[in-house]
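Below is one structure, written out as C-alpha cells; comments come after it.
And the structure:
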C-alpha cells in the first residue's frame, strides 16, 4: 500500500490495475472520513486551457484537506513569456508541494515531471 506517494500522475497507462484500485480506495476512505486534516501543503494550478470545473474541484479539494492553492496563470507568469519549461519546472519545484497542469501538449507535461521533483498531476492534455 501507498505505492503512489510522491508519484507523478500523467495518465492511467502509467499505473497498474492494483495502483488504480489503491487510488480509488484511498479516495473513498478520504471522502467518507470525518476528520479535519491540516496538510499544510501548497498546490499550484498551471492551466494553459481554461476550465471552471477542473479549477474549482482541485481548489476545493485542497482547501478541504487543509492546504493552499496558488493560481499560476501562464499569461501573467514568465512561462507565458517564453521562459523554458525546464526552468519553470525547477523554480516551481522549490516553492510548491504539488502541481496540477492543464495543457495542450503531453510533452510539456512530461518535461515538468522530468525536471520537477514534486508530484505532477495531469489535469488534461490533448494526448
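In this note's numbering, the protein residues as written are 408 to 534.
Where is the CB? At the ideal position from N, CA and C, for every residue including glycine.
Source: prediction; values computed, not measured.
When we look at the beta-carbon of residue i and count the other beta-carbons within 10 Å, is it buried (16 or more) or exposed?
i: residue 465; result: buried
i: residue 520; result: buried
i: residue 483; result: exposed
i: residue 492; result: buried
i: residue 437; result: exposed
i: residue 417; result: buried
i: residue 440; result: exposed
i: residue 435; result: exposed
i: residue 486; result: buried
i: residue 532; result: buried
Quick one: Cα of residue i to Cα of residue j, how far?
i: residue 511; j: residue 450; result: 20 Å
i: residue 530; j: residue 508; result: 5 Å
i: residue 472; j: residue 446; result: 6 Å
i: residue 423; j: residue 430; result: 11 Å
i: residue 476; j: residue 527; result: 14 Å
i: residue 425; j: residue 414; result: 15 Å
i: residue 460; j: residue 479; result: 17 Å
i: residue 497; j: residue 457; result: 24 Å
i: residue 495; j: residue 432; result: 33 Å
i: residue 448; j: residue 470; result: 10 Å
i: residue 502; j: residue 516; result: 18 Å
Does DSSP put residue i in a helix, in a strand, or in coil?
i: residue 487; result: helix
i: residue 439; result: helix
I think residue i touches residue j, with their Cβ atoms under 8 Å apart; what is that distance to the nearest whole Å?
i: residue 462; j: residue 452; result: 6 Å
i: residue 499; j: residue 523; result: 6 Å
Considering Cα atoms alone, identify which of the options is closest to residue i.
i: residue 513; options: 534, 498, 494, 413; result: 534
i: residue 455; options: 474, 421, 481; result: 481
With a threshold of 7 Å (Cβ to nearest heavy atom), would residue i be considered close to the ligand PLP?
i: residue 489; result: This structure does not include the ligand PLP; it has no bound ligands of any sort.
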